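Chains as they are written, first to last, in the working numbering: chain Y, 7 to 197; chain X, 7 to 197. Note that the Cβ used here is the ideal one computed from N, Cα and C, for glycine as well. Just so we're clear, the structure is a prediction, and the values are computed from it rather than from any experiment. Remarks on the structure that follows.
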């Protein structure tokens with residue numbers, strides 16, 4: 007089933023800091039976590055993601071993202087592989103802006119794919135179904151990851167597809183978003 | 007092929023800070039990365055790992071690990087799931103000490119399994135082979151992750167089995183150790 011990468015639908019990834027839920031279910035803007043910048047960039051580069059959008063409406067948080075980017079780009083000159091991964095990053099204010107960027111690159115609207123650690127109401131797809139669709143069809147897909155306590159309802163309502171939560175052998179499934187990104191990209195694009 | 011968890015071989019994980027290689031191939035003790043403590047603990051708890059050994063011979067680094075543990079245990083009281091994951095952690099000075107701990111728990115020596123982002127000389131197993139072995143046999147296994155530029159030769163020589171590097175569609179495979187742990191545990195125990 008494996009096809010040359012150039013024939014597969016391109017994958018994009020967004021890390022959403024607004025609108026997300028806090029532990030009480032309220033809609034908030036979450037703060038950026040420093041290691042989300044290089045860790046998720048390295049996972050994106052490894053699994054062939056075209057762009058990694060860091061989405062936050064707060065200019066101060068956008069500056070934090072830029073400072074972390076600059077640190078890895080300028081101070082870590084000996085880590086060529088880490089610097090290379092940073093090229094995948096784009097900091098944007100809104101989900102809308104990132105979708106417009108994907109549309110500008112691809113010429114068509116991508117399949118909008120949600121992820122969650124909980125079962126939430128949205129059209130379901132298994133990992134195998136999405137992997138096969140991406141390998142057989144030349145359709146771009148955009149994977150959306152929520153920070154805090156997960157994607158807000160208004161985002162869920164816009165999804166074309168929702169991937170199921172990741173589990174191990176038991177009921178506990180509280181991965182960091184960095185770990186969840188790595189696992190999900192491996193399930194969709196790993197070898 | 008899925009069996010009840012209680013019939014599977016137990017899994018242990020070690021994060022080695024010595025002996026590992028630096029970028030020049032020299033043997034060094036690497037510094038602890040703060041997020042390796044909670045991130046890898048959450049992956050271990052999700053994928054049913056019995057113990058997560060943080061291995062460093064330096065007392066000052068062991069104290070750093072303890073302080074990070076204490077922070078997550080005491081300051082993050084509202085994050086019950088994160089605190090729960092910490093119970094899997096044990097800070098030890100040497101690989102030998104962690105192996106003795108596994109032996110004390112299991113009564114038999116575990117299968118010592120190495121991981122690497124590069125192809126290195128050691129007996130090879132695919133992920134499918136190891137997953138099946140762990141599901142069919144009641145043998146414990148101990149997964150070893152190197153920090154810095156990877157496990158030293160003297161560690162490779164002791165391995166029973168080496169897992170292959172993780173790849174996406176291209177040749178770049180520079181995941182953070184946190185991401186590599188999540189992907190490998192998912193390949194061995196994910197659902």
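Check	Outcome
Going by C-alpha distance, which of X:16, X:190 and X:195 is nearest residue 196 of chain Y?	X:190
To the nearest angstrom, report how far apart residue 4 of chain Y and residue 101 of chain Y are at their CA atoms.	It is not possible to answer for residue 4 of chain Y, since the shown part of chain Y is limited to 7 through 197.
For chain Y, find out if any of its Cβ atoms is closer than 8 angstroms to the Cβ of residue 53 of chain X; answer yes or no.	yes
Mind checking residue 77 of chain Y: buried by the 16 CB within 10 Å criterion, or exposed?	exposed
In three-state terms, what does DSSP make of residue 74 of chain X?	helix
State whether the stretch 49-66 of chain Y contacts the stretch 14-23 of chain Y, with contact taken as three or more CB pairs (one from each stretch) at a distance under 8 angstroms.	yes
By DSSP, does residue 33 of chain X sit in helix, in strand, or in coil?	strand
For residue 154 of chain X, count neighbouring C-beta atoms within 10 Å of its own C-beta (all shown protein chains included) and say buried if the count is 16 or more, exposed if not.	buried
Give the DSSP-derived three-state secondary structure of residue 24 of chain X in the structure shown.	coil
May I have the straight-line CA-CA distance separating residue 69 of chain Y from residue 150 of chain Y, to the nearest angstrom?	22 angstroms
Less than 8 angstroms between the C-beta atoms of residue 116 of chain X and residue 167 of chain X, yes or no?	no
Who are the Cβ neighbours of residue 109 of chain X in its own chain at under 7 angstroms, not counting the five residues just before and after it?	115
Jot down the residue ranges of each uninterrupted alpha helix (DSSP H) in the stretch 86-143 of chain X, minimum 4 residues, whole runs only, in chain order.	86-92, 101-112 and 133-142
Taking Cβ positions, are residue 34 of chain Y and residue 71 of chain Y nearer each other than 8 angstroms?	no
Please check if any C-beta of chain Y sits within less than 8 angstroms of the C-beta of residue 152 of chain X.	no
With residue 147 of chain Y as the anchor, note down where its beta strand (DSSP E) starts and where it stops.	147-152
For the stretch 159-179 of chain Y and the stretch 34-51 of chain Y, state whether three or more C-beta atom pairs, one from each stretch, are separated by less than 8 angstroms.	no
Mind checking which residues open and close the beta strand (DSSP E) that includes residue 56 of chain X?	55-61
Helix, strand or coil: which one does DSSP assign to residue 165 of chain X?	coil
Find the residues of chain Y that neighbour residue 175 of chain X, judging by a C-beta separation of less than 8 angstroms, and give them in chain order.	11, 14, 53, 54, 195 and 197
So which residues of chain Y does residue 189 of chain X contact, with C-beta pairs closer than 8 angstroms?	188, 189, 192 and 196
Which same chain residues, not among the five before or five after residue 56 of chain X, have their C-beta less than 6 angstroms away from its C-beta?	16 and 18
Out of curiosity, what's the CA-to-CA distance linking residue 148 of chain X and residue 94 of chain Y?	35 angstroms
For residue 141 of chain X and residue 159 of chain Y, I'd like the C-alpha separation in whole angstroms.	39 angstroms
Can you give the beta carbon distance from residue 182 of chain X to residue 45 of chain Y, rounded, assuming they're within the 8 angstroms contact cut?	5 angstroms
For the alpha helix (DSSP H) that contains residue 190 of chain X, what are its first and last residues?	183-195
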